[in-house]
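Notes to accompany the following structure.
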Amino acid sequence: QANKKPSNKQATLSGGSVMLVRPLLFSSAAIAGRSLPLTAAMSMSSTTSGDQQCGGKSAVVFLHGLGDSPAGWSSLEHQLPSLKPSLGQDVHYVFPPAPTIGITINGGYEMPGWFDLFDWPIGISAKDDKTGKNKAAQQIEEAVEKLEKDMGIPPNRVVVGGFSQGGAVALLTAYHRRKEGKVPFAGCVCLSGWLTMKDDLEITDEVIKSTPLFWGHGQADDKVLYEQQPHGVQILRELGVDVSDAAYPMGHSSHPKEIEAVAEFLERVLKKDS
13 QANKKPSNKQ ATLSGGSVML VRPLLFSSAA IAGRSLPLTA AMSMSSTTSG DQQCGGKSAV
73 VFLHGLGDSP AGWSSLEHQL PSLKPSLGQD VHYVFPPAPT IGITINGGYE MPGWFDLFDW
133 PIGISAKDDK TGKNKAAQQI EEAVEKLEKD MGIPPNRVVV GGFSQGGAVA LLTAYHRRKE
193 GKVPFAGCVC LSGWLTMKDD LEITDEVIKS TPLFWGHGQA DDKVLYEQQP HGVQILRELG
253 VDVSDAAYPM GHSSHPKEIE AVAEFLERVL KKDS
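For what it's worth, this note's numbering labels the leading residue of the sequence shown as 13, then goes sequentially.
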C-alpha cells in the first residue's frame, strides 16, 4: 500500500462518523501547561536518539504518542532536573522514535505510531493490536539492553514511561513482558495511557515487588477516556502492583502538577538504591 498523508476530512469508520486523526493529536502540545513549539523542543534535548555517551547511573526511557516524535517530550530532560536536581547529570534520558505505520481509525493513513488503533475514542473495551504492541515493546526492550551494553545501566536502574500510546507500551513492557528470569525495571510512568492485553496479563512476584507505577490522567480526556485510569489501576493493584495515581483538570495533554508528580516519583524510585 502506498503511503498516505493525513487530511482533515471525515471518514465513516466502524459505522460512525470519525474525524481523521491529525499528526500531532497525541503529542505533548500542552506539556506542563504551556505550548511548546516543535523546533523549541528539538533544541532542548541532546539525547533524543539515546546514542550519546554519558556517565549516567540510571535512565529514563520515555515514549511519545501517536503522530508525535521524540522531540515532543524531550524537554523532560531539562524540566525534570529543574524540579528535582537529582534527576540531572547522573540520569540518562532516551526518547525512542515510533515507526511510521498505517492507522485504521485514520483511514489507513500513515503516521508515527507504536501500534494500530481500531476504536475511537479509546475506552476500556478497545480492541488490541497484539502484534503491533508486542513489536513496540520489543523495540523498547532492545533500547534498554543497549543502555546496559553501552553504558552499564542495568534494567533495575531504568524507568520506562510514555504518553498516550507510549504509556500503553510502557505498561506492556514493564509488566506483561517482564517474565521470570528478566530483571524488573525500577519503575513505570503512564501518562494518559491505558492498560492493554488485559486477558494475557500475568505479573511475576519479582516485578510486583520491584516496579512501582505512577499513572496520571486527565479527567476530561476525550481521546483516551478517563475511565481507562481507574479501570487499569484497579487491575494492577489487585495483582499487587504499587500504584500512585492522580487525575488532573485537563483533556488529553499534560499538567504542571502532573510533571511535578512524575519528578517526585522518579526521584524516589531511582535514588532509593543509589
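Just so you know, even glycine gets a beta-carbon here, dropped at the ideal spot from N, CA and C.
### Query
Applying the criterion that 16 or more other CB atoms from any shown protein chain within 10 Å of the CB defines a buried residue, is residue 249 buried or exposed?
exposed
* CB-CB length for residue 236 against residue 134, believed under 8 Å -> 5 Å
Worksheet item: Under 7 Å between the Cβ atoms of residue 124 and residue 112?
Response: yes
Just to confirm before moving on: does the CB-CB distance between residue 228 and residue 258 stay below 7 Å? yes
Q | Whole-number beta carbon distance between residue 144 and residue 75, since they are thought to touch under 8 Å | A | Actually they do not touch by this definition, with Cβ atoms about 14 Å apart.
So what's residue 140 in DSSP terms, helix, strand or just coil?
coil
- Task: Quick one: grab the DSSP three-state call for residue 222.
- Result: helix
Taking the beta carbon of residue 264 as the centre, do at least 16 other beta carbons fall within 10 Å, making it buried, or is it exposed? buried
Going by beta carbon distance, what residues of the same chain come within less than 8 Å of residue 269, once the five residues before and after it are set aside?
258 and 260
In whole angstroms, give me the CA-to-CA distance for residue 213 and residue 101.
36 Å
Are residue 288 and residue 128 close, meaning C-beta to C-beta below 7 Å? It is not possible to answer for residue 288, since the shown part of the chain is limited to 13 through 286.
query = DSSP beta-bridge partners for residue 104?
reply = 71
Where residue 257 sits in the DSSP three-state scheme: strand
### Query
Are residue 94 and residue 279 closer than 7 Å when you measure CB to CB?
no
Using only the alpha-carbon positions, how far apart do residue 283 and residue 198 sit? 10 Å
Please classify residue 122: does DSSP put it in a helix, a strand, or coil? strand
Next on the checklist: If the criterion is Cβ atoms closer than 7 Å, does the pair residue 73 and residue 172 meet it?
Outcome noted: yes
Fill in: Close Cβ partners of residue 110 (< 6 Å) along its chain, the five nearest in sequence each way excluded
124, 125 and 126
Original post:
Hey, how far is the Cα of residue 241 from the Cα of residue 147?
Top reply: 24 Å
Query - Reference residue 92, options 80, 215, 195 and 105, closest by Cα - result: 105
Quiz item: At which residues does the alpha helix (DSSP H) containing residue 247 begin and terminate?
Solution: 240-250
query = So, are the CB atoms of residue 204 and residue 176 less than 7 Å apart?
reply = yes
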